[in-house]
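FYI, the numbering for the sequence shown is 23 to 147, going by this note's numbering. For every residue, glycine included, the Cβ atom is placed at its ideal position computed from N, Cα and C.
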Amino acid sequence: MKGHRFLDRLGYAWAGLRAAWRLEKSLRTHALAAVGVLGLLLITHAPVMWWAVMALTVGIVVATELLNTALEALCDHLHPQRHEAIKLTKDMAAAAVLVSSLAALLVGLAFVADQVLPWLGWIRR
């Protein structure tokens, strides 16, 4: 992609995002979770720092999901037969998504404790 105009490179990235959206159910699930996060941020009137933390958290999960999807597609293309090294590579990429998702869950629990429970009146600050 060297030497391509910025708008061309942006188009390639957009095409990759559309392809991942079509092919990867997990990406659509993460997007649905992001909509839920956005809703909670809006209804709790969360401080701007929580918006930043949530944006970074969602971004990391989606980015790891996209990298996992890309790596799986490349592995399947280069070596369509079952091979232990390919399985290990794909398992490790899936583990990266798991780790980022678990970290996001912890951030979400902190947000619930700090913002949602007080908003519901279950905890007084």
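Determine the direct distance from the alpha carbon of residue j to that of residue i, and round the result to whole angstroms.
i             : j          : result
glycine 143   : leucine 96 : 50 Å
isoleucine 82 : serine 122 : 7 Å
lysine 112    : leucine 93 : 7 Å
Helix, strand or coil for residue i per DSSP?
i            : result
alanine 117  : helix
proline 140  : helix
glutamate 94 : helix
alanine 68   : coil
glutamate 46 : coil
histidine 99 : helix
Take residue i and list the residues in its own chain whose beta-carbon comes closer than 8 Å to its own, dropping the five residues that flank it on each side.
i          : result
leucine 89 : Ala115, Ala118
Rounded to the nearest angstrom, how far is the Cβ of residue i from that of residue j, given a contact under 8 Å?
i         : j          : result
valine 75 : valine 129 : 6 Å
Note down, in chain order, each residue of its chain lying with its Cβ closer than 6 Å to the Cβ of residue i, except the 5 sequence neighbours on either side.
i          : result
leucine 45 : none
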